[in-house]
Structure formats: C-alpha cells, structure tokens
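Undergrad: One line per chain: the protein sequences are U and F, in this order. In terms of my numbering, the first sequence opens at residue 1 and continues consecutively. In terms of my numbering, the second sequence opens at residue 1001 and continues consecutively. Every residue, glycine too, gets a C-beta built ideally from N, C-alpha and C. Since we're looking at a predicted model, the values are computed, not measured.
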Amino acid sequence: MATLSPKLAVQLASAAYDIKAPGSSGIYYFGKSSPDIGKSFQFDLANGPIQGISGSILARLLNRSTGFAAVGKGKGQYEGDHVIAIRGTASLSDGITDAHIGLTGGDNNSLIHAGFNKTFQSMKPALESTLTPMLARSATGTVHCVGHSLGGALAHITADWVKRRYKNKVFLYTFGAPRVGLDGFAMKTSSNIDRIFRCTHAADPVPMVPLWPFVHAPYQGEEVLLAPGQGISFAAHKMAMEATPGYLNTANSNSWRSLQTRSANNHAAVRLKYENRHQASFSNYWAEKISSGLITLLKDAGYYTAVLAQAAIGTGLTFYDMLARTLEAVAKASTKLAEQTKGLLGHMLVFARQAVSTVAELSYKFIRWVFDVTLGALYRTAREAINSVM
Amino acid sequence: MQLTSRWRTLLKLMLGGGILIYLIFSQQVMADMFSWFKKYDVHLSPAVRGKITFSGSPVANVKVFRELTYDKEYLDFTMTDEQGNFSFDEKNIRSRRPGSAFDTAKRQVLYLDHNDQRYVLWYYSTLNAAEAKTLTEKMQHLRCELTQPETTYELPNHEFPEHPHGVTGVCSLD
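As structure tokens, then:
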C-alpha cells in the first residue's frame, strides 16, 4: 500500500521517454539509467513496450505506432505492486495530440479530450493483455500510474480504466499534465482512483490547458506545487535536470509530506471590479481568476447552464460568438451585471496587454472585439512557433 | 445527424479555448518563442577508447557500433585492431530541440556482434543535452570482457550529484 516517493515517480515518468522507439540495433531498456528505478521495479521489454498511436492525422493515416507505456513488477517494499509508466509528448506528431482538441465519450461515460482518448484506446488492447495475467496473481497489489505531460493525461485515463477493470488499488502521479475532461470526468475519476498526486510548476503552461469547461482532478482538491513562481514559461514544462526548474529536480524528494500543496481554485466565486483592472497581469494566477470571473458572471446571471448546454447541442456559432452574444444579454439585464461584465472585460484587456483597457460600451460587437484582438494577434505567433519546429 | 453537428461544434469550442490560451500565453513567452528558432549544442557522445577481449584474448577485426539517438539516430562504427582496441571521436550536433517546451531523450548505445551473439558494451539514456563529466572519463578507458554478464553500474553524477547515472553493459566500469 506504499505510495511511490515523489523522486521515484518522477524518475519513472522521465524514463518513459526512452521507450518511444528502439534504435536500429533493437536494443532498449526501461529505467536502467536511473538506478533507483531498478531497486523498486523490474521491467521486461522482451516483447517491446505497449504501443500506441498518437492523435496526429498523419500518424493515424499511416497507422504509425510508437512505444507509449511500460509495465513493471514491484520488488522489495513494492512487492506485489505494479507500475505503468506512460510517455509524454516527445515529437511534433505527438504535439499535435495536445492541440487536437475535441470531445468524445470516454469509457466511464463522461466527456473527455478526443485526442487523449484516441491514443488511450489505441494502447488499451495491449495494456489489457499485458496486465491481465500480471494482476491475476496479485489482486491485492497497488497499480501505480505515472506520466508527464501528455503521458500524465494518458496515465489519468489509464488509472480510471484499471480501477474499473481490475478492482486493484490504483494511485495516479502526474507531472505537468493538461486537463483531460469536463467536470463529470474529473468528479468520477476523483472518487474512483484511490489517490491522485497532481504535480505542477506554477509557470508551466500545460496544466493550464485546455481551458474551462475542462476541469482538473482531484476535483476541487489539491495539487502538489513543486515550484512556485510568477509568469508563464514554456521551459517550466520540462523534466530534465538541466532545465529550470525541471521536474526531475523539484520532485527529488523522498516524501510527499515535505512538498507544498495548493488548493485547486476550481472556480470560487470571483467578481471583478472595473477600477481594479490594472492589478491584472499576465500570469497563471490571473488566467485562473479571469476564468473564474467569467464563470461567476454567467452563474450570477443564470446563464451558466444554458451556455454549457448550448455548447453541447451546437448552435452553428463559434464558442466566442455565442459567449459574446450571451455577455451582451447579461449586461443588459441589470446595472450590477453590466458593471461586473465591464470589470471582466477590463481585466481581460489588461491581462492580454492591450495598450488601452477602457471598456466604452457593452455591445456584442465590442465584446467580440475583446476576444478577437487577443485571438487574432496571438494566432500568428503560435503558428510561427509551430512552424519553427517543423 | 445531430451527433455530427454536436461533435463539430464541440470541436470548434474546444479548439477555440485551446488556441486562446496558447495564444494568450505566447505573448508573455515571446522570449521562449524566439529561442525555438535558435540552435543549441547537443553533446551526443564523448570520445570513446576501449579494448575488447574474450576469455582474455583480444577480439580483433570486429565491427563496434556506436548508436546515438536524439530525435534521429546517428549510427557509426569502427573496427577493432589486432589488440582488440577501438575508438570513436567525440560527437556533437546542433539542434533546435533544447529550446522547445518538450524533453527529448538522448541515448548512447555501444554494441558489437561476435560469434552470432550481440553484446551491449554501453547503454545510457538521459534528458540532458550537455556533457556529463563522469561518463566522459569512463568512456576513455573501457575494458570489455565479453564473457562477463551485462551489469548496471551506478556512477556518481558530477553535475547533478543527487541523480547518479546508471550505465548498463558488459564493460567493467569499477
């Protein structure tokens, strides 16, 4: 029943990067380059790792599969336990999985990210044929699911599936993992999986996506904040020791108790005052705050459920069109709600670093513009970033 | 066809959300962005020098392969001389990958085929792009006796003392 130490969990998540493909020699090992792993778990790659197909269109067309997961048998204090270590995003074709955002019904009948689910489904048969004989002999052992980045998202779906399929105790450990599903998925998996250690760096952008209505698990629970900090930096997503801060460095601890936790601010009520908008800055903190402000406004106005439902049934409008039309209606309902809408938009403009953050009117056109200026300018930058790594 | 249109709208909604956040964040991370265009040094392998024996006798005129992987594979080989000695030059590349948000595994494998058997001389992998002093030193004098079992050695990490290196192979690294 022992949990993996943070140190062991992060090393397993890191070792999973090495199983993507063997070299031309066919030689590859799991975890042998981190001596701690070999002291606690034994991996047999004689039949290769569990293969999966990443969500990119090209990979699916070509049915191109790569190694995604390795299953290890516990020894010593982990005797009877098993670990499933799942690889994160290590190439561009995998990177598309992260940006390929759509929803689909997952195995537990709640809505989850379609790309993550596709990759999970592609590895599930192999995972099942590997686990079934192993767990038949050890119904009491814990199954530890570990992953970084996309690997963390896959570990989350895997942990939920293992628990429902085998009834063993299941612990989940993720590092810099994105949100996987909507609140239904977060709630179901929070109660189904026995323990969840969701580790982040404050500056890592990946745990901040996809945006609401995606929600993290543990639902309204705690995350392990391995490095506090201001701002947002892509480098904060890395594991490597030579990265700053690098998950391998920040999680290098023997006990979870010694690490700092932070309650996931799963949308506490936030009402933003227009005159305070200059306090906003471009940071994780304000991203969360503005998200909460939007949700609170929709709830205060009684539109929250309608927006979610409309998004789900489809109106032919884009989400931001629909949201802009909704906010226009909200602002017309009362002076109080108009002020609250103005406060939200003002904070958004300051957050997005617009030179002028004055909210002059609350028309559909203006609200749509607030979304547009941000989206338009930034879209080019993201495209350039993607092109630069091709 | 309700399902199809529902799915499409959801797709649009989620894409919008995802793009928005990426885009919003990309302004702040402009510096990071431009670092994606830059190329960085990646140290794939130090210079290697070693001697191969079988039951104490030199293994002569055999191909030794060095398979280095960092996104792509870089494979080269050399022949052992009459005394079983072999060597490789240091290998460095330039890559954009260290500037990206995602980790790239670097793998070093030395192996040879002898009497229909494949022997792993050295196996090591890491997410670090830079050189590791201990490994550079060890690779200067590999003593590889092929009748020895493959062993995993725990070696001190000079740069990151809390993370010892694990190197696996038949060569003695004591």
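Closest by CA to U:THR326, which one among U:ALA155, U:LYS289, U:LEU259 and U:PHE366?
TA: Stepping through the first sequence from its first residue, residue 326 of chain U is reached at position 326. Out of U:ALA155, U:LYS289, U:LEU259 and U:PHE366, U:PHE366 has the C-alpha closest to the C-alpha of U:THR326.
Undergrad: Please report how far the alpha carbon of U:ILE196 lies from the alpha carbon of U:PRO35, in whole angstroms.
TA: Locating residue 196 of chain U in the first sequence gives position 196, counting from the first residue. Locating residue 35 of chain U in the first sequence gives position 35, counting from the first residue. Going from the Cα of U:ILE196 to the Cα of U:PRO35 covers about 25 Å.
Undergrad: In whole angstroms, give me the CA-to-CA distance for U:TYR28 and F:PHE1102.
TA: Locating residue 28 of chain U in the first sequence gives position 28, where the first residue counts as 1. Locating residue 1102 of chain F in the second sequence gives position 102, where the first residue counts as 1. For U:TYR28 and F:PHE1102, the distance between alpha carbons rounds to 21 Å.
Undergrad: Using a Cβ-Cβ distance cut-off of 8 Å, determine whether F:LEU1127 contacts chain U.
TA: As a first step, residue 1127 of chain F must be located in the second sequence, where it is residue number 127. Closer than 8 Å to some Cβ of chain U, the Cβ of F:LEU1127 qualifies, so yes.
Undergrad: Name the chain U residues whose beta carbon is nearer than 9 Å to that of F:PRO1164?
TA: Sequence index remark: in the second sequence, residue 1164 of chain F carries index 164 (1-based). One finds SER34, PRO35 and ASP36 in chain U with Cβ atoms closer than 9 Å to the Cβ of F:PRO1164, taken in chain order.
Undergrad: Would you say U:SER25 reaches chain F, if we count a Cβ-Cβ gap shorter than 8 Å as a contact?
TA: The count along the first sequence starts at 1 and reaches residue 25 of chain U at position 25. Using a CB distance cut-off of 8 Å, U:SER25 counts as an interface residue toward chain F.
Undergrad: Using Cβ-Cβ distances below 7 Å, what residues of the segment 159-191 of chain U are close to chain F?
TA: none
Undergrad: Residues of chain C with CB under 8 Å from F:ALA1105, in chain order?
TA: Absent from the structure: chain C. Protein chains present are U and F.
Undergrad: Express the C-alpha separation of U:VAL206 and U:ALA177 in angstroms, rounding to a whole number.
TA: Numbered from 1 along the first sequence, position 177 holds the residue referred to as residue 177 of chain U. Numbered from 1 along the first sequence, position 206 holds the residue referred to as residue 206 of chain U. If you take the alpha carbons of U:ALA177 and U:VAL206, they lie about 6 Å apart.
Undergrad: Between U:GLU288, U:LEU150 and U:ALA269, which lies nearest to U:LEU298 when the distance is taken from Cα to Cα?
TA: Residue numbering aside, residue 298 of chain U sits at position 298 when the first sequence is read from its first letter. The candidate whose alpha carbon is nearest that of U:LEU298 is U:ALA269.
Undergrad: F:THR1069 touches chain U at which residues, Cβ-Cβ below 8 Å?
TA: Reading the second sequence from its first residue, position 69 is the one you call residue 1069 of chain F. GLY23, listed in chain order.
Undergrad: Give a yes or no on whether the minimum CB-CB distance between U:HIS237 and chain F is below 8 Å.
TA: The count along the first sequence starts at 1 and reaches residue 237 of chain U at position 237. U:HIS237 counts as touching chain F.
Undergrad: Hey, is U:PHE68's beta-carbon within less than 8 Å of any beta-carbon in chain F?
TA: Within the first sequence, residue 68 of chain U is the residue found at index 68, counting from 1. Chain F, which has no Cβ nearer than 8 Å to the Cβ of U:PHE68, makes this no.
Undergrad: Whose Cβ in chain U lies nearer than 9 Å to the Cβ of F:TYR999?
TA: Because chain F here runs from 1001 to 1174, residue 999 of chain F falls outside it and cannot be looked at.
Undergrad: Helix, strand or coil: how does DSSP classify U:THR315 here?
TA: In the first sequence, the residue the question calls residue 315 of chain U occupies position 315. Residue placement at U:THR315 is poorly supported in this model, since its pLDDT is 43, which falls under 50; the coordinates still yield a value, given next. Residue state for U:THR315 is assigned as coil, using DSSP reduced to three classes.
Undergrad: Is the CB of U:ASN117 under 8 Å away from at least one CB in chain F?
TA: Locating residue 117 of chain U in the first sequence gives position 117, counting from the first residue. Closer than 8 Å: no.
Undergrad: Using the beta-carbon of each residue, which ones in chain U are nearer than 9 Å to F:ALA1130?
TA: Against the second sequence, residue 1130 of chain F aligns to sequence position 130. Under the 9 Å cutoff, chain U gives GLU242.
Undergrad: Are the segment 180-189 of chain U and the segment 111-121 of chain U in contact at 8 Å, needing three or more beta carbon pairs?
TA: yes
Undergrad: Would a check of beta-carbon distances place U:PHE234 closer than 8 Å to chain F?
TA: Reading the first sequence from its first residue, position 234 is the one you call residue 234 of chain U. It does; some Cβ of chain F falls within 8 Å.
Undergrad: Does DSSP put U:ALA391 in a helix, a strand or coil?
TA: The shown model of chain U, from 1 to 390, leaves out residue 391 of chain U, and the question about it has no answer.
Undergrad: Against U:SER138, what residues of chain F qualify as contacts under a CB-to-CB distance less than 7 Å, listed in chain order?
TA: Numbered from 1 along the first sequence, position 138 holds the residue referred to as residue 138 of chain U. Residues of chain F passing the Cβ test: none, with the nearest at roughly 25 Å.
Undergrad: Span of the beta strand (DSSP E) holding F:LYS1091?
TA: Position 91 of the second sequence holds residue 1091 of chain F. Start and end: 1091-1095.
Undergrad: With 8 Å set as the bound, which would you pick, yes or no: does the beta-carbon of F:TYR1119 sit closer than that to a beta-carbon of chain U?
TA: The sequence position of residue 1119 of chain F within the second sequence is 119, counting from 1. No, no contact with chain U.
Undergrad: Strictly below 8 Å CB to CB, what residues from chain F border U:ASN252?
TA: Sequence index remark: in the first sequence, residue 252 of chain U carries index 252 (1-based). Within 8 Å Cβ-Cβ: GLU1162 and HIS1163.
Undergrad: Three-state secondary structure (DSSP) at U:ALA333?
TA: Taking the first residue of the first sequence as position 1, residue 333 of chain U is located at position 333. Helix, per DSSP.
Undergrad: Anyone know if the C-beta pair for U:GLY88 and U:LEU150 falls short of 8 Å?
TA: Along the first sequence, one-based indexing puts residue 88 of chain U at 88. Along the first sequence, one-based indexing puts residue 150 of chain U at 150. Against a cut-off of 8 Å, the Cβ pair of U:LEU150 and U:GLY88 comes out as a contact.
Undergrad: Tell me which residues share the same chain as U:ALA338 and place their Cβ nearer than 7 Å to its Cβ, disregarding the 5 neighbours each side in the sequence.
TA: Within the first sequence, residue 338 of chain U is the residue found at index 338, counting from 1. Within the same chain, ALA331 and LEU362 come within 7 Å of U:ALA338 by CB-CB distance, once the 5 residues on both sides are set aside.
Undergrad: Mind checking which residues open and close the alpha helix (DSSP H) that includes U:ARG165?
TA: Stepping through the first sequence from its first residue, residue 165 of chain U is reached at position 165. That run of the alpha helix (DSSP H) goes 150-166.
Undergrad: I need the DSSP call for F:PHE1160, collapsed to helix, strand or coil.
TA: One-based indexing of the second sequence puts residue 1160 of chain F at position 160. In the structure shown, F:PHE1160 sits in coil (DSSP, three-state: anything other than H, G, I, E or B).
Undergrad: By the three-class DSSP mapping on this structure, what secondary structure does F:GLU1154 have?
TA: Indexing the second sequence from 1 puts residue 1154 of chain F at position 154. It is a strand residue.
Undergrad: Distance check for U:ILE50 and U:LEU127, CA to CA, integer angstroms please.
TA: Along the first sequence, one-based indexing puts residue 127 of chain U at 127. Along the first sequence, one-based indexing puts residue 50 of chain U at 50. Cα to Cα, the separation comes out at about 6 Å.
Undergrad: Going by the DSSP bridge assignment, what does U:PHE68 pair with across the sheet?
TA: Here the question's residue 68 of chain U lines up with position 68 in the first sequence. Residue pairing of U:PHE68 in beta bridges, as defined by DSSP: absent, with no partner found.
Undergrad: Assign U:THR158 to buried or exposed, taking buried as 16 or more other Cβ atoms, counted over all protein chains shown, within 10 Å of its Cβ.
TA: On the first sequence, residue 158 of chain U is found 158 positions in, with the first residue counted as 1. So U:THR158 ends up on the buried side.
Undergrad: Below 7 Å on C-beta distance, what does F:GLU1154 contact in chain U?
TA: As a working note, residue 1154 of chain F is residue 154 in the second sequence. Those within 7 Å of F:GLU1154 in chain U are PRO35.
Undergrad: Taking a contact to mean a Cβ-Cβ separation below 8 Å, would you say F:LEU1127 touches F:TYR1153 in this structure?
TA: Mapped onto the second sequence, residue 1127 of chain F falls at position 127. Mapped onto the second sequence, residue 1153 of chain F falls at position 153. It is not a contact, given that the beta carbons lie outside the stated cut-off.
Undergrad: Would you identify the three-state DSSP class for U:GLN77, choosing helix, strand or coil?
TA: Translated into positions along the first sequence, residue 77 of chain U becomes position 77. In the structure shown, U:GLN77 sits in a helix (DSSP, three-state: H, G or I).
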